[in-house]
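To start, the structure itself, in structure tokens.
Residue numbers (our numbering), protein chains in the order written: chain V, 1 to 197; chain H, 1001 to 1197.
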């Protein structure tokens, strides 16, 4: 009997170091994967359908939305993106833990359809530290940084929607916490009832 | 600011290997301790008040029960035992994670008074395996083993009261799961709200 995987929804402000933490937590593990998104954007050279994205046209995308084939979807810069439910379900059935790295809005959509998803919010130690990190990256204009900070404060107001909050003051430690959450969630009593027969 | 410790209530049938798992999970850690019980039994040679137990007379014990100074209490072989609330609260305030190794009955009492306690049930992979282990120990008569198995089955019916179930098929792995649960529980969103200001 393969134990089913679990769905982990991860959000957090840009600059919190989400990807670093998630990749560190996934290191050397074969039971964790990212979900592959569906998008209407054209593939770039080197991108492969089903690897970077599932590439679909706008009609098919609309159909997927109508048929409830997406766990969440959103538009960015004139292109649509979404999380294909069938793909996620398939991975979970194979025993894979599936990670969705999405914004609060998307996390809420997923939660509607998969209430047993584990919701994790990754944040920097403080907003001041977030500002320092964003300035340190040197990739954003002061105005863009200001916009990111405003957005972070908005997201923080929704943090109580999440099950767990990881403070990323040290990526190594944060990754350990994420791995611990994944392991602990597999010990939930509700999932172990078969052993009590 | 010291982060408050958490209270972990651990139960499971005799022969599940609870102590081994708990001691392995505590190895090398200074942030986890067992609670010290209050008892009316007389100290044995070498036992020290406040170390093995807090030794009290029956009057004082009754007073503790009446004054709601115990998180749970029970009687075994004509002696009374209980978990002193003040001691547990003090350790938690110091940032210690406190472990209570108690039976289902006691776990329910604790839960009434400390609903935020994390409840963990440790079990062997199967009742058949439990029987093998109890026979293998060679310390119980066949009748005593039968009684333990009946009791285990009774306890199993209350397993859905627990937050987590750890299957102890491998003490090393089970200890990792216990440690992961302890770490994950410290990432609960409700405990991190101070970081969102």
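The beta carbon of each residue, even a glycine, is placed where N, CA and C say it ideally should be.
Check, Outcome
"Heavy atom of the ligand SAH within 8 Å of residue 1010 of chain H beta-carbon", "The model on display carries no ligand, and the ligand SAH is accordingly not part of it."
"DSSP beta-bridge partners of residue 1013 of chain H", "Answer by DSSP bridge pairing: none, since residue 1013 of chain H is not bridged."
"Collapsed DSSP secondary structure at residue 198 of chain V in the structure displayed", "What is shown of chain V runs 1 to 197, which leaves residue 198 of chain V out entirely."
"Residue 169 of chain V in three-state terms, based on DSSP", "coil"
"8 Å contact criterion, which residue 21 of chain V and residue 171 of chain V should meet: CB distance rounded", "6 Å"
"Residues sharing a beta bridge with residue 1119 of chain H, DSSP", "H/1009"
"Assigned secondary structure, residue 1142 of chain H (DSSP; H/G/I helix, E/B strand, else coil)", "helix"
"Cβ-based neighbour list, residue 121 of chain V, same chain, cut-off 6 Å, excluding 5 preceding and 5 following", "11, 12, 159, 162 and 165"
"Residues of the stretch 60-77 of chain V whose Cβ lies closer than 8 Å to any Cβ of chain H, in chain order", "none"
"Selection of the stretch 184-197 of chain V by Cβ proximity to chain H, strictly under 9 Å", "184, 185, 186, 187, 188, 189, 190, 191, 192, 193, 195, 196 and 197"
"Whole-number beta carbon distance between residue 1008 of chain H and residue 1097 of chain H, since they are thought to touch under 8 Å", "6 Å"
"Within-9 Å CB hit, residue 1080 of chain H to chain V", "no"
"Under the three-state DSSP convention, the category residue 111 of chain V falls into", "helix"
"Proximity of residue 1065 of chain H and residue 1082 of chain H at Cβ, strictly below 9 Å", "yes"
"Residue burial classification, residue 1100 of chain H (beta-carbon count within 10 angstroms, cutoff 16)", "buried"
"Buried versus exposed, by CB contacts within 10 Å (16 or more), residue 175 of chain V", "buried"
"is_contact[residue 1030 of chain H, chain V] using C-beta, thresh 9 Å", "no"
"Delimiting residues of the alpha helix (DSSP H) encompassing residue 1080 of chain H", "Per DSSP, residue 1080 of chain H belongs to no alpha helix (DSSP H); it is in the beta strand (DSSP E), 1079-1084."
"Own chain residues within Cβ distance below 8 Å of residue 1131 of chain H, not counting five before or after", "1145 and 1149"
"Within-9 Å CB hit, residue 1179 of chain H to chain V", "yes"
"Which of helix, strand or coil DSSP assigns to residue 1099 of chain H", "strand"
"Interface flag, residue 142 of chain V vs chain H, CB-CB below 9 Å", "no"
"Pair within 9 Å by beta-carbon distance, residue 1117 of chain H and residue 1004 of chain H", "no"
"Distance, residue 1095 of chain H Cα to residue 129 of chain V Cα", "25 Å"
"When H/1072, H/1188 and H/1028 are compared against residue 1087 of chain H, the one with the closest alpha-carbon", "H/1072"
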